[in-house]
Amino acid sequence: MTTDVKWPAWEDAAFYAEDAETMYPSLAVQRHEAPVYWYEPPGYPTGFWVLSRWEDQRFVGSNPALFSSNYGFAIGDASDPATVIDQLPSWAQDAIRQGDLSAAETRRMISKGKLSMGDPDFEGLILSDPPRHGNIRSVLMKALRPSLVRSLKPRIAEIADEFVAELEPGVETDFVTTIGRIPAALMTELIGVPRAMRDEFIEMASAQMLAITIDPDRDPAETARIQGLVEKFHAYCGELLAERRSDAGEDLVSIIGASEFEGAPVPHGLAISFIHTFVNAGETTRALLSFVAYALAQHPDQRAILAERPELIGNAIEETLRFYPLNWSGCRTATQDVEIGGQQIKKDDYVVMAYASANRDEDVWKDPDVFDVTRSFDSAHQSFGYGEHACPGALLARVDSTTIFERLMAQYPNWELAGPVVRWGSPFLQGISSLPLRFST
Amino acid sequence: MIDPTDPKKTYEFHYVLDCPCGKVLTGDTEDDIVEVAQAHLGQEHPTMSYGPEEILFMARRLVKG
Numbered sequence: 001m002t003t004d005v006k007w008p009a010w011e012d013a014a015f016y017a018e019d020a021e022t023m024y025p026s027l028a029v030q031r032h033e034a035p036v037y038w039y040e041p042p043g044y045p046t047g048f049w050v051l052s053r054w055e056d057q058r059f060v061g062s063n064p065a066l067f068s069s070n071y072g073f074a075i076g077d078a079s080d081p082a083t084v085i086d087q088l089p090s091w092a093q094d095a096i097r098q099g100d101l102s103a104a105e106t107r108r109m110i111s112k113g114k115l116s117m118g119d120p121d122f123e124g125l126i127l128s129d130p131p132r133h134g135n136i137r138s139v140l141m142k143a144l145r146p147s148l149v150r151s152l153k154p155r156i157a158e159i160a161d162e163f164v165a166e167l168e169p170g171v172e173t174d175f176v177t178t179i180g181r182i183p184a185a186l187m188t189e190l191i192g193v194p195r196a197m198r199d200e201f202i203e204m205a206s207a208q209m210l211a212i213t214i215d216p217d218r219d220p221a222e223t224a225r226i227q228g229l230v231e232k233f234h235a236y237c238g239e240l241l242a243e244r245r246s247d248a249g250e251d252l253v254s255i256i257g258a259s260e261f262e263g264a265p266v267p268h269g270l271a272i273s274f275i276h277t278f279v280n281a282g283e284t285t286r287a288l289l290s291f292v293a294y295a296l297a298q299h300p301d302q303r304a305i306l307a308e309r310p311e312l313i314g315n316a317i318e319e320t321l322r323f324y325p326l327n328w329s330g331c332r333t334a335t336q337d338v339e340i341g342g343q344q345i346k347k348d349d350y351v352v353m354a355y356a357s358a359n360r361d362e363d364v365w366k367d368p369d370v371f372d373v374t375r376s377f378d379s380a381h382q383s384f385g386y387g388e389h390a391c392p393g394a395l396l397a398r399v400d401s402t403t404i405f406e407r408l409m410a411q412y413p414n415w416e417l418a419g420p421v422v423r424w425g426s427p428f429l430q431g432i433s434s435l436p437l438r439f440s441t
Numbered sequence: 442m443i444d445p446t447d448p449k450k451t452y453e454f455h456y457v458l459d460c461p462c463g464k465v466l467t468g469d470t471e472d473d474i475v476e477v478a479q480a481h482l483g484q485e486h487p488t489m490s491y492g493p494e495e496i497l498f499m500a501r502r503l504v505k506g
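First to last, the sequence lines map onto chains U and V.
Going by the working numbering, the residue at position 99 of the first sequence is 99; the numbering climbs one at a time, nothing skipped.
Going by the working numbering, the residue at position 11 of the second sequence is 452; the numbering climbs one at a time, nothing skipped.
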């Protein structure tokens, strides 16, 4: 059967700005007709494989020896270096301009450069493989340990109540800049950022998120603005780390500052990357909350179920993650020739796991295009990744979002869209920048 | 169609945990999932060891099918 539906332009920001009604049929057609697909984006130096099926992505995610994370984690990392080099720090630009890097090493340089906040010693969890990955992750998980996250629930509820108290029934409110700020506000507390610095810190953290979603079409003035904020952010994180190393408290930065890695204090570049991970958790949870509020505004019947059955709110969070994932894709590099779905993937080929497509895979999900807060989850969605590299902040994001919606719905079980929704998107992450809502009791 | 006001409608929950090896582990209670996960680790990944706290960290309480 032929169809007029276009296949996804995986590298193109314009594709991610389309409505869900356009994007998801496009994903479905490719998943049905070419579930393991060699895609050559216009302007890219080489193509990459796109895996659409849940099962194939699970195979890749659970085999880090076959699929390395060292050589890029996002589609944009495979861009033509000439189109993104101005968004990278000078040491990364120099390494790329020397011209002797392989395609995989170039991706690594682009991905490390954009994550690094300019720091050449930066070492990110997301760009590491076992066994070093496990060692790095174990330090990070000391800070994000389950007992700590669980203990935060009362404080999250307290902050949520403060923010909910500021809502006015019947008055248009932008969810993103009100309730959506709770996770970032909580994270600044956990990091130990002084209250007076909180808004500036969140602004700098937002800029760092933009720096990660490298964009070949970014306006030079916007690039300069982002770079300025990111440099300031890096300097501030460095000061915070030095301060907590000399005068430790109970905050996350102090925990990292006091930890050891391979028998010595955690190196500066690694410690900075941990702070960066904490900050990202605040920003991505804002996106998750916004998608939950958006989905429930679109589906009042589902919101009514939650109002009656608040014990299903955790399930609704999971369903939103499946239905409107923040993280649309993750990438690996093949370490040897390997066959998937009858296709020969060669050593050093770049492999994109299209999480948003796997989350609608009919072989796994019944009625995948239906938003159902009572859906049974005998399988997991791909929105937090899978295997060694599954999101380290997933538990905090779940506790945050469940608690916030429990508190919000206790006061305001009803809301409706009050204006146009503005989404932002890249091949890596999706979010909402404006969500006007009107709440009622 | 689900009727949210139906007082007879109940939902069963369980704990779901994805092992990086691809196996999906489930348990009806916290104790169950800890037991299932530790048995799986013992059989399939004897060099790995996780305590109850870490296992519950990875497990999610979701509607049971």
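Heads up, the beta-carbon is just placed ideally off N, CA and C, and yes, glycines get one too.
For residue i, return the contacting residues in chain V, with the cut-off set at a CB-CB distance below 9 Å.
i	result
Asp-378/U	His-455, Val-457, Val-465, Thr-467, Leu-503, Lys-505, Gly-506
Leu-429/U	None at all; the shortest Cβ gap to chain V is about 22 Å.
Under a three-way DSSP split, which group does residue i fall into?
i	result
Arg-53/U	coil
Ile-214/U	coil
Glu-260/U	strand
Pro-436/U	strand
Trp-91/U	helix
Val-171/U	coil
Val-84/U	helix
Ala-20/U	helix
Asp-119/U	coil
Met-442/V	Confidence at Met-442/V is low in this model, with a pLDDT of 46, below 50, so its placement is unreliable and no value can be given for it.
Pro-265/U	strand
Val-475/V	helix
Glu-416/U	strand
Leu-148/U	helix
Glu-362/U	coil
Glu-339/U	strand
Gln-382/U	coil
On a Cα-Cα basis, can you pick out the residue from the options that is closest to residue i?
i	options	result
Val-176/U	Leu-66/U, Val-266/U, Leu-288/U, Ala-248/U	Leu-288/U
Tyr-456/V	Gln-479/V, Glu-495/V, Glu-471/V, Lys-450/V	Glu-471/V
Thr-46/U	Ala-17/U, Thr-106/U, Pro-64/U	Thr-106/U
Ala-390/U	Tyr-452/V, Tyr-491/V, Cys-460/V, Phe-454/V	Cys-460/V
Val-373/U	Gly-282/U, Ser-426/U, Leu-125/U, Ile-305/U	Ile-305/U
Leu-51/U	Phe-261/U, Pro-35/U, Ser-376/U	Pro-35/U
Thr-402/U	Pro-310/U, Gln-343/U, Asp-86/U	Pro-310/U
Gly-72/U	Phe-48/U, Gln-93/U, Leu-252/U, Arg-53/U	Phe-48/U
Thr-178/U	Ile-404/U, Asn-414/U, Thr-441/U, Gly-425/U	Ile-404/U
Leu-125/U	Ala-380/U, His-276/U, Ala-356/U	His-276/U
Ala-104/U	Phe-201/U, Asp-247/U, Phe-67/U, Thr-285/U	Phe-67/U
Glu-33/U	Phe-261/U, Ile-317/U, Ser-357/U, Ile-313/U	Ser-357/U
Val-253/U	Arg-198/U, Ile-191/U, Phe-261/U, Pro-413/U	Ile-191/U
Ala-224/U	Arg-322/U, Leu-210/U, Tyr-324/U, Tyr-236/U	Leu-210/U
Thr-451/V	Glu-308/U, Thr-441/U, Ala-20/U, Glu-172/U	Glu-308/U
Leu-229/U	Pro-413/U, Pro-436/U, Ile-432/U, Gln-87/U	Gln-87/U
Using the beta-carbon of each residue, which ones in chain U are nearer than 7 Å to residue i?
i	result
Glu-494/V	Pro-146, Ser-147
Output, in chain order, the set of chain U residues within a Cβ distance shorter than 9 Å of residue i.
i	result
Leu-482/V	Under the 9 Å cutoff, chain U gives no residues; its nearest Cβ is about 15 Å from Leu-482/V.
Which chain V residues sit within Cβ distance under 7 Å of residue i?
i	result
Asn-327/U	By Cβ distance, chain V contributes nothing, its closest Cβ being about 16 Å from Asn-327/U, past 7 Å.
Asn-315/U	Leu-503, Val-504
Leu-458/U	This structure cannot settle anything about residue 458/U, because the visible part of chain U is limited to 1 through 441.
In chain V, which residues lie with their C-beta within 8 Å of the C-beta of residue i?
i	result
Glu-318/U	Arg-501, Leu-503
Leu-408/U	Those within 8 Å of Leu-408/U in chain V number zero; the least Cβ separation is about 18 Å.
Leu-312/U	Tyr-452, Val-504
Would you call the CB atoms of residue i and residue j closer than 9 Å?
i	j	result
Val-149/U	Leu-396/U	yes
Ile-256/U	Ala-143/U	yes
Pro-267/U	Ser-259/U	no
Ala-297/U	Trp-415/U	yes
Val-60/U	Arg-332/U	yes
Pro-216/U	Ser-79/U	yes
Ser-26/U	Glu-494/V	no
Arg-501/V	Leu-466/V	no
Pro-41/U	Asp-12/U	yes
Gln-57/U	Gln-430/U	no
Gly-485/V	Lys-505/V	According to the sequence provided, residue 485/V is Glu. The question's Gly does not apply to it. It is not a contact, given that the beta carbons lie outside the stated cut-off.
Val-364/U	Trp-54/U	yes
Ile-85/U	Ile-75/U	no
With 9 Å set as the bound, which would you pick, yes or no: does the beta-carbon of residue i sit closer than that to a beta-carbon of chain B?
i	result
Tyr-355/U	No chain B appears in the structure shown, which is made up of the protein chains U and V.
Going by DSSP, which residues form a beta bridge with residue i?
i	result
Arg-332/U	Val-351/U
Thr-467/V	Val-457/V
Leu-306/U	According to DSSP, Leu-306/U bridges with nothing at all.
Trp-38/U	Trp-49/U
Phe-67/U	Ala-334/U
Gly-431/U	Trp-424/U
Leu-503/V	His-455/V
Does at least one heavy atom of the ligand HEM sit under 8 Å from the Cβ of residue i?
i	result
Phe-175/U	The ligand HEM is absent from the structure shown, which contains no ligand whatsoever.
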